[in-house]
Amino acid sequence: MTDRPLGGLDAVERGPLPSESGATSSFVSIEGESDHPSVAALRARFGSAIQRHRVSAGDQTVVWIDAAKSLEILTWLKDDPGQKYDMMSDVTGVDYGNGRPVEVVYQMFSTTHKRELRLRCPLPLDALEIDSVAGLWHSANWLEREVYDLFGVTFKGHPDLRRILMPQDYAEGHPLRKDFPLRGRFSRAEQTRRALAQDVERFYGAQELVEGGEPQQVFARPARDSGAEG
Amino acid sequence: MATRTVELEVGRNPEMGIDGRPAQSPLRPFDVPEPDFGTEEMLINIGPQHPATHGVLRLICELDGETVMSVTPDIGYLHSSFEKLGEYRTWNQIVPLTDRMDYLAPLIYNCAYVMSVEKLMGIEVTERCKVVRVICMELDRIFGHLLWLGTTAIDVGAFTPFLYAFQQRERIYGLHESLTGARITTSATRVGGMMADLPVGWLNSLLGFLDTFPNTLHEIDRLLTGNQIHIGRTQGVGAISAAEAINYGLTGPNLRATGVDYDVRKDRPYYDYETYDFEVPVGEHGDCYDRYLCRMEEMRQSVQILHQAMARLPGGPINVQDTNVSLPSKTDCMSDMESMIHHFKLITDGIPAPEGDCYLAIEGSKGELGMYVVAEEGGTKPVRWRVRPPSFVNLSTIAKLAEGHLVSDLIMINASLDIVLGEIDR
């Protein structure tokens, strides 16, 4: 993604690129029955929207779902009496690099049934958007903002989709993406120049608090990705 | 599960003291009509550098007089992208990054990270290692709670508990130092074991700490629990209902103060926590005072767990006896060709992981601490290393908790959530 010539440090900055073997080929797709009661229920109810599932790390059930139906599936998992996943522990993203889809990961826990479940939702790089679940779980509000900030995934319907850890005017992109160099896109000189050119007063005004506003246009994102529904 | 409701014989009315005797509350005058001043809304920044924000946190408050209309936390001042750095390091090289997140309870983070990696790789650590890690984690639960106790007390104007608490913390610093060589940046764990076994005499030092610490805790308890100023500042402040707390993702003492008995040690036990005899304190009202009571009781329960763990500490090796995971001893390296090769391979290549992902949650001092690691087949570095930060999620509720309260209550609410900015910003 960089347009400057590759230098000696770029190998360091690029870091460990994943193997060329595509992620999908190495995944074992288990179509059979699972011990986890939610998997069978999900398959029965949503059919083809449940892409595959597997057991990871010994006893953890992971289900891959279609992004188009994610909100419907998550709403059902929260409200159905047999599921009742009332606690959204974590929302995060995984980027495997090499142009493979970015995956949004939902880690849920049911305080009623004392069960955990992990959903993963692959998003192709040219359509990094998914429905927000901040309306279902308040805890998802900040967690989705973090995924937006660090991975560039747009959450449709999020009430307040702003950057959260990086500065609001950060122009170098989304740091946890694999195409983001470890030391940033800009040179140290450029980073220093921008830091010195900042208007400090601006950071202590009220204008950055406008909630539900248009998310900012960020660097290295196609124009059609801009704009979440407020 | 065994729980204990931490309601004491303290009246819930501000004018009622211990045993129901009326006490003069200096804070809330009664039956005084609110004077009608003309007020206008204003925007106040608390922080980023302010002692009451407990770190580099900026709270943007919209105030009407002294009433908080809305709070917007602004975080990220300490962001150093540990998770990105982790993708460039081998599994064991990430351990030092973990204690720099929660520098108030570093050993819990060290343990949680390696536990998740071991689960991903299917490594079962030795019995001795399990008990040693339980000791580390419970010791640091006390360590983290003591800092919270001291700084929260100082936020409501009580200076003595701060000094008492930090005196006790200093003793745990000493234990850290003799165990790991560092006071804060412990980095005590390795995949498959610990950096080193317990030093000679360390358990005696720990026992010495455990013998006298409850007395100090009792003294602090006497200073705060029935204290009218403390009660007036905390009861009914920042309350949240149980259902809302779950929906907002609160965990740890903050959630248990609302009456939900969710504790990862009981609900998803790890390291044989189900065999330890301890109770989970739960509150009733979900306000700052109940959070205080829960944490005080948790420290006492941690002392109980530490005593039990020391009694059952088995002998044997502390690291797994697998040359592909644990480093061989220096003597073996220098005298045995095989050991030297393993040592070389482990240092240069690292430990290969199977393809997959693993989310492991433990009960940290702040709440549910989850470590999520994703690996590709044979990967010696993570594709993704994610920390589910309890303070981050807990802090996101502050806008809800503080709305309609006074600015001074906002300071108390912020303190009672027990946040650590190093982990929020990562």
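Protein chains in written order, with my numbering: chain U, 16 to 245; chain S, -2 to 423.
Idealized CB from N, CA, C, for every residue including glycine.
Assuming residue i contacts residue j under a Cβ cut-off of 8 Å, what Cβ separation, rounded to an integer in Å, is found between them?
i	j	result
T69 (chain S)	Y245 (chain S)	Wrong, their Cβ atoms sit about 16 Å apart, outside the cutoff.
P103 (chain S)	T183 (chain S)	5 Å
T177 (chain S)	V111 (chain S)	About 14 Å separates the two Cβ atoms, so there is no contact after all.
R253 (chain S)	G235 (chain S)	15 Å between Cβ atoms; not a contact.
C126 (chain S)	I315 (chain S)	5 Å
Y270 (chain S)	Q305 (chain S)	That pair is no contact at about 11 Å.
W157 (chain U)	I179 (chain U)	6 Å
R381 (chain S)	L366 (chain S)	Actually they do not touch by this definition, with Cβ atoms about 17 Å apart.
L140 (chain U)	V117 (chain U)	7 Å
R135 (chain U)	R160 (chain U)	Their Cβ separation, rounded to whole angstroms, is 20 Å, which puts R135 (chain U) and R160 (chain U) out of contact at 8 Å.
G401 (chain S)	N251 (chain S)	At roughly 19 Å, the Cβ-Cβ gap does not stay under 8 Å, so G401 (chain S) and N251 (chain S) are not in contact.
D81 (chain U)	Q66 (chain U)	7 Å
R262 (chain S)	E124 (chain S)	Not quite, the Cβ-Cβ distance comes to about 18 Å (not below 8 Å), so this is no contact.
A399 (chain S)	I416 (chain S)	The pair is not a contact, with the Cβ atoms about 13 Å apart (cut-off 8 Å).
F140 (chain S)	I169 (chain S)	5 Å
M118 (chain S)	P351 (chain S)	7 Å
L392 (chain S)	V65 (chain S)	Not confirmed; about 15 Å, so no contact.
Excluding the 5 residues flanking residue i on each side, which residues of the same chain have their C-beta closer than 6 Å to its C-beta?
i	result
L418 (chain S)	G52, V53, L54 and L75
T213 (chain S)	Y161 and Q165
P349 (chain S)	G375 and T377
Q122 (chain U)	S104, D105 and R133
R138 (chain S)	S299 and S362
R130 (chain S)	C108
A242 (chain S)	L252 and T255
E131 (chain U)	F124
S388 (chain S)	K363, I416, V417, E420 and I421
E51 (chain U)	The sequence shown places His at residue 51 (chain U), not Glu. Cβ neighbours of H51 (chain U) beyond the five flanking positions: T76.
Between which residues of its own chain and residue i is the CB-CB distance below 8 Å, once the five residues before and five after are set aside?
i	result
Y85 (chain S)	K378
S202 (chain S)	G171, L172 and S175
I45 (chain U)	A caution first: I45 (chain U) carries a pLDDT of 44, below 50, which makes its placement in the model too unreliable to give a value.
Take residue i and list the residues in its own chain whose beta-carbon comes closer than 7 Å to its own, dropping the five residues that flank it on each side.
i	result
E434 (chain S)	A query on residue 434 (chain S) cannot be resolved here, the shown segment of chain S reaching from -2 to 423 and no further.
R383 (chain S)	E80 and Y369
S41 (chain U)	Only weak support exists for where S41 (chain U) lies, its pLDDT of 33 falling under 50; the value from the coordinates is given anyway. None.
K327 (chain S)	none
D71 (chain S)	R55 and I57
S323 (chain S)	G189, G190, N316 and V317
R192 (chain U)	D110, F166 and G167
C133 (chain S)	L104, C108 and A185
H128 (chain U)	K99
R309 (chain S)	V128
Figure out for me which residue from the options has the closest Cα to the Cα of residue i.
i	options	result
I151 (chain S)	S:E420, S:S413 and S:I421	S:S413
E59 (chain S)	S:A396, S:R423, S:P351 and S:D415	S:A396
E167 (chain S)	S:D61, S:M39, S:G283 and S:I181	S:I181
G172 (chain U)	U:A149, U:D194, U:A83 and U:M181	U:A149
G108 (chain U)	U:S202, U:T169, U:R200 and U:T207	U:T169
I421 (chain S)	S:M39, S:S78, S:W145 and S:N42	S:S78
E216 (chain S)	S:G141, S:Y268 and S:M293	S:M293
R200 (chain U)	U:A186, U:Q213, U:R60 and U:V120	U:A186
D194 (chain U)	U:I145, U:L143, U:V162 and U:G112	U:G112
P48 (chain S)	S:G147, S:L136, S:M98 and S:W199	S:G147
E144 (chain U)	U:A210, U:M181 and U:V119	U:V119
G73 (chain U)	S:H282, S:L392, S:D354 and S:V390	S:D354
Along chain B, which residues have their Cβ under 7 Å away from the Cβ of residue i?
i	result
F389 (chain S)	The displayed structure is made up of protein chains U and S, and chain B is not among them.
Notebook entry, point to check: For the stretch 391 to 411 of chain S, which residues have a CB atom closer than 7 Å to at least one CB atom of chain U, in sequence order?
Noted result: S393
Next item on the list: Residues of the stretch 106 to 126 of chain S with a CB closer than 7 Å to any CB of chain U: list them in chain order, please.
Entry: The stretch 106 to 126 of chain S vs chain U, Cβ under 7 Å: K116, L117 and G119.
Note to self: Closer than 8 Å between beta carbons: that is the criterion. Which residues of the stretch 74 to 101 of chain S meet it against chain U?
What the structure shows: H76, S78, E80, K81, L82, E84 and Y85
Check: Which residues, in chain order, does the stretch 211 to 233 of chain S contribute to contact with chain U at a C-beta distance below 8 Å?
Finding: none
Notebook entry, point to check: For the stretch 250 to 279 of chain S, which segments carrying the beta strand (DSSP E) assignment without a break, of at least 3 residues, lie completely within its bounds, in sequence order?
Noted result: Every beta strand (DSSP E) stretch that sits fully inside the stretch 250 to 279 of chain S and reaches 3 residues is listed by chain position as 277 to 279.
Checklist line | Runs of alpha helix (DSSP H) lying entirely within the stretch 151 to 196 of chain S, each at least 4 residues, in chain order | finding: 157 to 177
Next item on the list: Give, in chain order, every residue of the stretch 54 to 66 of chain U whose Cβ lies closer than 7 Å to some Cβ of chain S.
Entry: Residues of the stretch 54 to 66 of chain U with a C-beta atom less than 7 Å from some C-beta of chain S do not occur.
Check: Just by C-beta distance, which residues in the stretch 139 to 156 of chain U are closer than 7 Å to chain S?
Finding: W152, H153, S154 and N156
Note to self: Give me the subset of the stretch 308 to 331 of chain S whose CB atoms are less than 9 Å from a CB atom of chain U, sorted by chain position.
What the structure shows: none
Next item on the list: List in chain order: all unbroken alpha helix (DSSP H) runs of 4+ residues lying wholly within the stretch 189 to 246 of chain S.
Entry: 199 to 221, 225 to 231 and 239 to 244
Notebook entry, point to check: the stretch 365 to 376 of chain S: which residues have C-beta closer than 7 Å to a C-beta of chain U, in chain order?
Noted result: E365, G367, Y369, V371, E373 and E374
Next item on the list: Would you mind listing the beta strand (DSSP E) stretches within the stretch 304 to 392 of chain S that are 3+ residues and don't spill past its ends, in chain order?
Entry: 353 to 360, 365 to 372 and 381 to 385
Note to self: Which complete beta strand (DSSP E) runs does the stretch 46 to 83 of chain S hold, if anything under 3 residues is left out?
What the structure shows: Counting whole runs of 3 or more residues, the stretch 46 to 83 of chain S contains the beta strand (DSSP E) stretches 55 to 61 and 64 to 71.
Item checked: Members of the stretch 182 to 193 of chain U that neighbour chain S once the beta carbon cut-off is set at 9 Å -> P182, P190, L191 and K193
Margin query: Please list, in chain order, the residues of the stretch 79 to 103 of chain U that have any C-beta partner in chain S closer than 7 Å.
Written below: D101, M102 and M103
Check: If contact means a Cβ-Cβ distance below 9 Å, which residues of the stretch 280 to 300 of chain S contact chain U?
Finding: none
Notebook entry, point to check: Which ranges would you report for the beta strand (DSSP E) in the stretch 90 to 136 of chain U if only whole runs of at least 3 residues count?
Noted result: Taking 3 residues as the minimum length, the beta strand (DSSP E) runs contained wholly in the stretch 90 to 136 of chain U are 102 to 110 and 117 to 125, in order along the chain.
Item checked: Members of the stretch 237 to 251 of chain S near chain U, C-beta cut-off 7 Å -> I243, N244, Y245 and G246
Notebook entry, point to check: Taking any Cβ of chain U, which residues in the stretch 177 to 192 of chain S have a Cβ under 8 Å from it, in chain order?
Noted result: none
Next item on the list: Could you list the residues in the stretch 251 to 275 of chain S with a C-beta less than 8 Å from some C-beta on chain U, going in chain order?
Entry: V257, Y259, D264 and R265
Note to self: Using a Cβ-Cβ cutoff of 8 Å, what residues of the stretch 128 to 147 of chain S are near chain U? List them in chain order.
What the structure shows: For the stretch 128 to 147 of chain S, no residue has a beta-carbon sitting nearer than 8 Å to a beta-carbon of chain U.
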